[in-house]
Every structure is written in C-alpha cells, then in structure tokens.
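Residue numbering for the sequence shown follows my numbering, starting at 1 and increasing by one per position. Ideal Cβ positions, reconstructed from N, Cα and C, are used throughout, including at glycine.
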Amino acid sequence: MTADRKKGLLSASAGSVFWGSSGIAGQFLLINEHIAPAWLTFFRLLTAGFLLLLLTHFFKGNLFALWKDRKDRRDLLIFSAFGMLGTQYGYFASIQYSNAPTATILEYLMPILIIFWYCLSEKRQPRMMEIFCAFFAIAGTALIATGGDFKSLAISEKALFWGLLSALACALYTVEPVRIIKKYGAPLVVGWGMFTASFFLLPVTALTPFTGTVDTSVLLAFAYVVIFGTVCSFVLYLSSVAYILPTEASIISAIEPLSSILFSFLIFRLTFGFWELLGMALIILAVAAVARK
C-alpha cells in the first residue's frame, strides 16, 4: 500500500469519526434544545466556513484565486449550493422529522449512488468488490440503526424526502469538487463551499423565527459541531478523494454510525445487542476490503 493511499484511507476514516461523534451534539441541539435545522445549518456553515478561510489565509494566503477562473467558480457554486448545503440541511431536517437512525440509513444510500454514477459515466458494469463493499456497508449501517428490527422504521414523507436529498447531495459533494480540491486544496474549497452555502440559506432564516435557548451547554455543543464535526470532518474527508477513489471514500464513511454508537456508549453508557455488533462487524469488513485493494 502506497503512502498516499494510506493518507487517503486515514483521512476518510478520521473525517467520518468526527462527523459521527458530532451527530450526538447535533441531535441534542435539534431535539433537546428545539433549534430549527435551518438556523443550525446556517450558523454551522457560516462559522465553520469563516474559520477555514481564516486558517487558509494565515497558512497559504491568496483566498480569492479560486474565484478568478470561470470553470472553477462554477464548480464551487455547484458544490456549495447542491453538495454542501444539501447534505447539511437534508440530514438535520431528516432527523427533525424522524430520528437519527432513520436519517443515517437514508444518507448511507450514498455509496450506491456514487457507484451508479461512475458506472454510467464510465459505461461499465459495477465491479464485484464495489458491490460487495457497498452492500455490506449499507447492511451494517441498517443493522446498527435499527437493532435488527426493520419494522421500527416509521418514515414520514418529509423524512424520506430530506433523507434521500441528503444522500444525493452527499454523493455530489464527494464527486463534484475532486478537480478543484486537487488544484487548490481541501481547506480553501471547503471553506468557500461552506461560507457560500450559508448565504443560500438567508431567505429561509429570514422567514423562520429562531427557536430554542442559548446557554453554556448549547454553545459547547455548537462549538463541537463546528470545529470537529464540520471543519475537521469535511477537510479530512474531502482531502481523502485526492488519494483514493470517491467510491472508496464513500464506503469508508460508513464508519460514521459506528463511531456515533461508540461515543454514545462512552458518554451515555449505551449497551449493544447482537444486531448492533453484527452491523459493526459488517462495516469493519467493508472498510477492510477497501483498504486491501
């Protein structure tokens, strides 16, 4: 295994762990503190995008190079409006209308969508390894999210809509920015993607009154969501596609629900049943199969 490939696998894995662990804080803000998805997404994207651009300015400079090229500018806006915003808002909205397990299952249709897209664009049949990894990653995610009881999934129309939109957007943000990330680096692309995406939400926040309270617990949860769950997770995950295939990165991202359950155990002493353990094993198997390529 080459050094670049190791870097890509580690980046995708670490990004998924940060994203999964921040889901605990995100659900606390949405469910316990009654903060609307639009406002949470707006503040998350605006703050995290600004921090990334600030860091990029100090370490690399030339923040506006990406905007000078017409093709790069177009790709950034597509990534921002449909990839970044769709993933963030769709996931939070799906949680609001259902629950985190349901939203997770819907979002992790992403590997299938990416593999389907590459098969169409390359005019080829899916490789056996791609089918194997995608199936086991999604099956493992489903078992973890449901505990093996698939009848417990009560999906409303709104939850289904936003969950599927999140999966589609997640596939797009994995594939769309590859070229400009290789050219400018992930921090600059992700920073502008987040910062720009927040402004697309302004019409929604202007029409939606802010709900919830702002106290120390809310600020701490939000800080974790922004720094670790957004800045670190997106940079690491999107950096990985410069070294490994987007299909591989999307499958490795199935570590997210695994890390979420592990952090829930450490913080809330959540216990695991047979189906949850089987789901973890399937995800680890899928990730191991990708890593051995």
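Cα-Cα separation, T196 to S80: 6 Å
Candidates F234, A289, A142, of which the one nearest A12 by Cα: F234
G83 burial status per 10 Å Cβ neighbour count (16 or more: buried): buried
Three-way DSSP call (helix, strand, coil) for A221 in this model: helix
Whether Y243 touches D75 by CB criterion (8 Å): no
Nonlocal neighbours in the same chain, by C-beta distance under 8 Å from F265, ignoring five residues either side: T271, F272
Assigned exposure category for K6 - 16 Cβ within 10 Å defines buried: Burial call: exposed.
Buried or exposed (CB count within 10 angstroms, at least 16 for buried), F64: Per the 10 Å Cβ criterion, exposed.
Environment of L282 [buried if 16+ CB atoms lie within 10 Å]: buried
Which of helix, strand or coil DSSP assigns to H34: Looking at H34 - three-state DSSP - the assignment turns out to be coil, as it is neither helix nor strand.
Environment of Q88 [buried if 16+ CB atoms lie within 10 Å]: buried
Proximity of A36 and T208 at Cβ, strictly below 8 Å: yes
Rounded C-alpha distance that separates L52 from K151: 42 Å
Contact under 8 Å by Cβ, T247 with E130: yes
CA-to-CA distance, V189 to P177, given in whole angstroms: Spanning the alpha carbons of P177 and V189 requires a straight line of approximately 8 Å.
Where I300 falls: helix, strand or coil (DSSP): For the chain, the structure presents residues 1 to 293; residue 300 sits outside this window and is missing.
Residue ranges of each alpha helix (DSSP H) within the region 120-164, 4 or longer: Within the region 120-164, the complete alpha helix (DSSP H) runs of at least 4 residues fall at 128-146.
Cα-Cα separation, F116 to P126: 8 Å
Buried or exposed (CB count within 10 angstroms, at least 16 for buried), L202: exposed
Three-state class that DSSP yields for F200 in the structure shown: helix
Reduced DSSP secondary structure (H/G/I, E/B, other) of D75: helix
Beta-carbon contacts of A48 that lie in its chain and below 7 Å, excluding the five residues immediately before and after: M194, V226, T230, V231
Candidates A289, L54, F228, L238, of which the one nearest W308 by Cα: The structure shown does not extend to residue 308, since the chain is modelled only from 1 through 293, so no value can be given for it.
Start-to-end residues for the alpha helix (DSSP H) that takes in I227: No alpha helix (DSSP H) holds I227; DSSP gives it neither H nor E.
Proximity test, I112 beta-carbon vs the ligand ZN heavy atom, cut-off 7 Å: In the structure on display, the ligand ZN does not appear, and there are no ligands present to speak of.
Neighbour-count burial assignment, F274, 16 or more Cβ in a 10 Å radius: exposed
Backbone CA spacing between L168 and K60 [nearest angstrom]: 32 Å
Distance, G185 Cα to A142 Cα: 34 Å
Chain-order list of residues whose beta-carbon lies under 7 Å from that of H57 (same chain, five-residue window excluded): Excluding positions up to five away in sequence, the list reads L63.
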